[in-house]
Amino acid sequence: MAVPDKGVHGPLAGVRVVELAGIGPGPFAAMLLADLGADVVRVDRPGGGGLAIDPAYDITNRNKRSVLVDLKAPTGPARVLDLVARADVLIEGYRPGVAERLGVGPEPCRARNPRLVYGRMTGWGQDGPLAERAGHDIAYIALTGTLGMIGAAGEAPTVPANLLGDYAGGSLYLVVGVLAALHHARSTGAGQVVDAAIVDGASHLSSMIRGMVAAGSWQDRRGANLLDGGCPFYGTYETADGEYMAVGALEQRFYDEFIALMGLGEVAPARKDLARWGELRAAVAARFRTRTRAEWTAVFEGSDACVAPVLSLGEAPHHPHLAARGTFVDHGGITQAAPAPRFSATPTSVRSGPARPGADTAAVAQDWDVPDLLASDAPGPDRAPVPPHPTQEGA
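Residue -19 is where the sequence shown starts when you use the numbering used here, and the numbers rise one by one after that.
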């Protein structure tokens, strides 16, 4: 059983979290809390659900424990409420109203535990014209304007995997909200509901850019600005072997070093002349194509030119800097990012691999003093299917 190592503590040691199983931003947020030391119990449904990833490789379920509860069975809601009574936080990612219909919405949960922080993760939010609609990361960032910012001029927007919406605009904002509400609950004794919506978080991420638009220093179109690839000394360039180098030589002193190492002194003045940016870009691109990525990496080694090789997921863990810091760890045969950030007094670690559905029911029943988790369910009445998560497929 994946019982957390009681000898390893993070800053959230002693915090208990109930996670109602889903996929995407909810599980990732719960993983962050688990990485920080919280005792996260994931409530999985019998038969599984969501995307068909092998649970043995679902890193977002590391450092957690899992119990099986059928929320559609007559005794299902009561068992979750028994966990809630002993928890500090609950995280759910259903469409608005689904948790209420299942009997585990904010009202019954907080009736059992007034100090509970009830975290809700959706794409559209708990209200608004689209609240009931299904969707995924790409649709949410599309409406917020953030997707429209990403990509080359004159080309289709570039899809940033699901990192910008699900995880940056969703999970991270949910965790910030949960921790803030937890602080408030411990100060006042009163819990509250945290409504984390990807459209809100992704919009919030663009705050600096919107300020630049208002100031007239950012054009509302792709590939035309300082930080979106429009600038010839802030972007990526192909090398002789078909790989890429990333350039971020924004400040003058870094730019000067970049130009010197590239041997492009003749076009150096073009930095401040937007009319010559095309000429500068062409010169930089042509020069990068004369050597391989490894050769250019050696050229910029030890410099302050702000240039780095663009590595693949497989290459990144082997980079000397990331290896020296232990940015990636191997646990259970899976290479994965170590918990972040780092703490001087309450260090974190990968304590256990991905929780297998139901594998920890007995241990949680004992540790949380919820013996009914071990009782068998009688077949529940037929019910209509639960609508899928508005940001994901499972609910």
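Here a beta-carbon is modelled for each residue, glycine too, at the ideal position from N, C-alpha and C.
Selected residue, minimal CA-CA separation from residue i, among the options
i	options	result
G338	F8, L13, A36	A36
G306	G313, A296, A263	A296
E72	V247, V174, T40, A53	V174
G171	L230, A67, I314, M101	A67
E135	M242, G203, T328	G203
K44	L12, A262, M225	L12
L143	R95, Q316, I118	I118
L260	A342, A304, I239	I239
D284	T328, F234, V20, G196	F234
L302	A318, G313, I314	A318
P57	D24, T277, H184	D24
P(-9)	L61, S332, A325	A325
Y380	S356, L185, A(-7), V179	Since the first residue shown for the chain is -19 and the last is 375, residue 380 is missing from the structure and cannot be characterised.
S329	R42, P7, G2	R42
T(-3)	A111, Y98, G115	Inspection of the sequence shows that residue -3 is occupied by Val rather than by Thr. Measuring from the Cα of V(-3), the nearest candidate turns out to be Y98.
Q232	S186, A226, C286	C286
G17	R322, W348, S356	R322
A79	N93, R100, P94, P212	R100
G145	A342, G85, P249, L185	L185
L82	N205, L51, F8, I33	L51
F8	G131, Y153, G27	Y153
E218	A266, A148, I189, D347	A266
D5	G149, Q316, A250, A133	The sequence shown places Pro at residue 5, not Asp. For P5, the nearest C-alpha among the options comes from G149.
A133	D200, P26, E237, A288	D200
Residue i (DSSP reduced to helix, strand or coil)
i	result
S46	strand
P212	coil
E237	helix
R256	helix
Y147	helix
T40	helix
V(-5)	coil
P5	helix
I71	strand
A318	coil
F106	Residue identity differs from the one stated: residue 106 is Gln in this sequence, not Phe. Q106 falls in the coil class under three-state DSSP.
P389	Since the first residue of the chain shown is -19 and the last is 375, residue 389 is not available in this structure.
A177	strand
Q172	strand
E231	coil
E223	coil
A274	helix
F323	coil
E295	coil
A288	strand
L206	coil
G99	strand
R90	helix
R22	strand
Cβ-based burial, residue i [other Cβ within 10 Å; buried from 16]
i	result
E223	buried
K252	exposed
F268	buried
H(-11)	buried
L96	buried
L254	exposed
L127	buried
A274	exposed
G245	exposed
P109	exposed
Own chain partners of residue i with C-beta closer than 6 Å, once the 5 adjacent residues on each side are dropped
i	result
L354	A345
A14	V20, N43, K44
G312	G333
Supposed close pair residue i, residue j - CB separation, criterion 8 Å
i	j	result
R241	V290	With the sequence shown as reference, residue 241 is identified as Leu, and Arg is not the correct amino acid for it. That pair is no contact at about 18 Å.
R336	S151	That belief does not hold up - the Cβ atoms of R336 and S151 are roughly 22 Å apart, past 8 Å.
A182	T138	That belief does not hold up - the Cβ atoms of A182 and T138 are roughly 15 Å apart, past 8 Å.
V20	A10	5 Å
V264	P300	No, V264 and P300 are not in contact; Cβ-Cβ is about 26 Å, not under 8 Å.
R22	A(-7)	The pair is not a contact, with the Cβ atoms about 18 Å apart (cut-off 8 Å).
G105	A177	3 Å
M225	W276	5 Å
I3	I314	Incorrect: roughly 18 Å between the Cβ atoms, too far for contact.
M129	I33	The pair is not a contact, with the Cβ atoms about 30 Å apart (cut-off 8 Å).
Beta-carbon proximity list for residue i, same chain, < 7 Å, skipping 5 on both sides
i	result
L207	Y214
T270	A220
M192	W198
A248	I239
A28	Sequence check: residue 28 is Gly here, not Ala. Cβ neighbours of G28 beyond the five flanking positions: P337.
G282	none
D62	V350, D352
Spatial neighbours of residue i in its chain, beta-carbon cut-off 8 Å, leaving aside the 5 residues before and after
i	result
R59	V49, V350, D352, L353
D107	P76
V64	V(-2), L70, V84, C89, R92, N93, L96
T216	G209, Y224, M225, A226, V227, V290
S356	none
Residue i: CB within 7 Å of a non-hydrogen atom of the ligand FAD
i	result
V20	This structure simply doesn't include the ligand FAD, nor any ligand for that matter.
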